[in-house]
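As structure tokens, the structure follows; a few thoughts come after it.
Residue numbers (the numbering used here), protein chains in the order written: chain H, -1 to 244; chain L, 175 to 648; chain U, 975 to 1354.
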């Protein structure tokens, strides 16, 4: 079982961003992707999620062996893909609780209803673990949230929706150390042999807390180097220039 | 729709000295025929057995109606499509057209299902039954009101049986000549409610004429007068979310509210007329010292609705508020707004209007705020927001704010936006389909305002809006 | 681009009617003041005291329609009208201009240009100047236009300006009027923007007894930006009636309108502004703000901010407020030793300056502030 990307070529507005990317994320593993700005890291996560701004010209994405090309964004989500956005959108007038409930309801078969009591109990328990104030449930999704609050909200949603493969798009950007630790704790609590993670990050620091099984370096639309966790440290020391010589 | 078990919100005509004895008037068939002449008015007066002063009032109004031009210099030219000669100005209960269940369109039945309309109401709404038998369930409510001295009768009864309370205020808040359509209503009015709340009485349950006896109350030319005496409070609800079988194409109602010192009136309307109806309504309230009038309005149906609820703040510290939600779908034009006339010191007015334009729908906001010379301490806040769903939708905003002097504060803000791609993508990534996401976003947009409606309405409103949004995506 | 001069359209003028009470475009306005029948054009004028010249600007000085000093390679004076159009209710006045104007200054440049135009106005009757400013590709043109009354004569100035910006060009234009209290001003300001061009048009109204101004901005090219600014300071016996129209006809266009009115004595202002977005003009960002600062108990402000939106991917908002100088601000200034009267003046000046600062041009801002200060000095 894995999330596999095979020779993926994709472009936006006629510009090719992914130029033959290959990557396999087996369930149970945490893979990290690092790379300079413009390497296509964020694009990759949006394409896996199914954003229609991007055109896939070649290659495919397989979710546990199934080609997801024809699945719409929401279908991919219900199939088990979760994207923690770098810049989560605000949804005015829709409370966090109602939003989560609607998302969970969408996963139930026709006619079945979410048990409200169980839902709230579960949500509050997870919020407590993430050190989120319970008042957030009645606030509009991400409206007026600080950067750190938005990221925590993404992790809360991830925990509640129980996905198979989680794509974390620069989850650490804008977070101070304490917030980072809490977010990492949330992510780590989700690690299991049935779930795969793709952590996209610019800085090594996050990987001190979410220890990856594999680290990949992306440049100019492709994976140019892969290794273990020590690769991230090497990058930190030498910067991305070392790729040119290595 | 209203659950008949709850019995909290329905009220039926009350005979002044015959409490508990409710009877249907005999089902006569009265039809004034097509077109509008002096004879039409006399026919109506005769059928209703009206006193002479009412008949005179009607005739004067007819003259005023005929002398006024159509307001197409500022309003939509679609008004020119109204053929006054092709309209039946009075059709009583027994003469209302009926149809069989086979003739009821499937979408209508589906809406009933989606909104959860109780069986017995469906027949009435669908035009299969011309009458709704509401007697049994509501005797408790009737008695309670009678104990408190509350008068809640039809307008016809009001002017006959309670002339001494009715007549001093009738036609004062909205004079016949206010506009062409208030003049029309004054000429051919029938149906509507007359409500009087005695001093200090705070009516606990919202009053509603929805299922009163006969189709006159879904009448084309309803005339309602509500007088809340000093310190009293009342909430009145009109209309319903479910679609109602409608053959008449012109609806021109007049609603006058009078809130005496310290009184509070909330008037709630949900309008979902079928898409062939021209709905041109004049609504205004007069608020005395420390009184408050709130219009809470939701316009979802009709081909063209023109409605600008207003409050004249006549006494110090009076408050006027208009909260409005409008949804315009293909072939619809919701032209709504508010008129706030400050006529005393320290009065406050607040207007919040949210409109949604879907498909080729068009929504327009027209507002007027007037604060004249030598008043002090008045405040107005207006917020109108428009949400556009598709490429072809259209929205217009035309407010006019006039302020004299430096003793006041006014603020008007309007914005137009659309449900962003980004927001939709975010919600879909959480597993919601595009339709669900759109629905959630739209409900979020109007959420604050929907909360202002009584709970039974707010649940249905949300469902109704969801229904309207379906098929609008993409 | 070339300008075609319209042949005298006297016939057209005579066919049209002066505005009447029921004209929607004249709602709240003084339609009677707009009736100019019986007036003839003024003759030769006289010069007043010349203000300090602006450094780096070419200067042209006019006494009514005659050029009395200065010259510029980029400006050509033609006898005739460029034929302004009115779309906001004053067609008869536009036709009047087209028929009877004997003065159009045609300014055109493909590079940088700074031009100052001083119009000394005098005589009883009509004065009908016009200016066409054409910025060719890549040009950066700054124009200052100042109307100054020489004496107390009641002149009715009907002026028309047409700004056209080609791709990647920029025009910054500041118009001031210090006409006497017997005079009237009717002003047409049109601008048409091509792709990626910028137009910043500002006006400062301090003089005249009655002003009717119609500003029409067509943002017709991709990524074009239009800014329309106004500072008005009417006093007792002055009424300023300003109607605007922001027309978006292309994708990703931007317009921002900021009008600041400070009303003294028994002054009256009328503002009507419409943002109109064509079908297909997606990505439009349009804003409109009108703020009225009421300085006395007897002034009157009418605002009609409007929107007509026909495309769905747009961001538009408008806002209009009216308020007085806040007591806290006055208290704060007084606590620093400033008199109440000076405090009110300072706050009001600060209020006007926000619109002026949008010009982002120090010389023009300084000039505008001077004109504003002069007006403040005359107010009790």
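Note that CB positions come from ideal geometry on N, CA and C, so glycine has one too.
Residues of chain L whose Cβ lies closer than 7 Å to the Cβ of residue 1287 of chain U are, in chain order, 592. Its chain contains 1039, 1103 as the residues whose beta carbon lies nearer than 6 Å to that of residue 1077 of chain U, once the 5 sequence neighbours on both sides are disregarded; these appear in chain order. The Cβ atoms of residue 232 of chain L and residue 357 of chain L lie no closer than 7 Å to each other. Between residue 1326 of chain U and chain L, the shortest Cβ-Cβ separation is not below 7 Å.
As DSSP reads the structure, residue 382 of chain L sits in a beta bridge with L/411. Secondary-structure assignment with DSSP links residue 1049 of chain U through a beta bridge to U/1081. Residues of chain L with a Cβ closer than 8 Å to the Cβ of residue 1284 of chain U are, in chain order, 568.
Going by DSSP, residue 263 of chain L is part of no beta strand (DSSP E) at all; its letter is neither H nor E.
For residue 33 of chain H, no alpha helix (DSSP H) segment is defined, and its DSSP state is neither H nor E. Within the same chain, 9 come within 6 Å of residue 53 of chain H by CB-CB distance, once the 5 residues on both sides are set aside. Closer than 7 Å at the C-beta level to chain U, one finds no residue of the region 515 to 543 of chain L.
Sorting H/200, H/226, H/126 by C-alpha distance to the C-alpha of residue 37 of chain H places H/200 at the top.
Neighbours of residue 72 of chain H across chain L, judged by C-beta separation under 9 Å: 601, 602, 603, 604, 605, 606, 607, 608, 610, 611.
Under the DSSP assignment, residue 441 of chain L falls outside any alpha helix (DSSP H), being part of the beta strand (DSSP E) whose first and last residues are 438 to 445. Bounds of any beta strand (DSSP E) do not take in residue 228 of chain L; it lies within the alpha helix (DSSP H) bounded by 226 to 241. Scanning H/135, H/133, H/161, H/157 for the CA closest to the CA of residue 181 of chain H turns up H/157. Counted as a single uninterrupted DSSP element, the beta strand (DSSP E) harbouring residue 530 of chain L occupies residues 522 to 531.
Neighbourhood of residue 1279 of chain U in chain L, by CB distance below 8 Å: 571, 573, 586, 588, in chain order. Where residue 369 of chain L is concerned, the enclosing beta strand (DSSP E) starts and stops at 367 to 371.
The DSSP-derived three-state label of residue 288 of chain L is helix. Residue 75 of chain H is positioned such that its CB atom lies closer than 7 Å to that of residue 604 of chain L.
Our two residues, residue 106 of chain H and residue 159 of chain H, have alpha carbons roughly 12 Å apart in a direct line. Sequence-ordered contacts of the region 615 to 639 of chain L with chain H read 615, 617, 618, 619, 620, 621, 622 [C-beta pairs closer than 8 Å]. Rounded to the nearest whole angstrom, the CA to CA distance from residue 1266 of chain U to residue 585 of chain L is 10 Å. Of all C-beta pairs linking the region 44 to 62 of chain H to the region 116 to 131 of chain H, fewer than three are shorter than 8 Å, placing the two stretches out of contact. Chain L has no Cβ within less than 7 Å of the Cβ of residue 1230 of chain U. Assignment of beta-bridge partners to residue 1103 of chain U by DSSP yields U/1077.
Using a CB distance cut-off of 7 Å, residue 248 of chain L counts as an interface residue toward chain U. The C-beta of residue 596 of chain L comes closer than 7 Å to at least one C-beta of chain H. Using a Cβ distance threshold of 7 Å, residue 1207 of chain U and residue 1232 of chain U do not count as a contacting pair. Non-local C-beta neighbours of residue 615 of chain L in its own chain, meaning closer than 8 Å and more than five positions away in sequence, comprise 593, 597, 598, 601, ordered along the chain. Listed along chain L, the residues sitting closer than 8 Å to residue 1002 of chain U by beta-carbon distance are 574, 576. Those residues of the region 1224 to 1256 of chain U placed with their C-beta closer than 7 Å to a C-beta in chain L do not exist. Interface flag for residue 75 of chain H against chain L is set, since a Cβ pair is found closer than 7 Å. When Cβ-Cβ separations below 7 Å define contact, residue 562 of chain L makes contact with chain U. DSSP, read as helix, strand or coil, puts residue 70 of chain H in coil.
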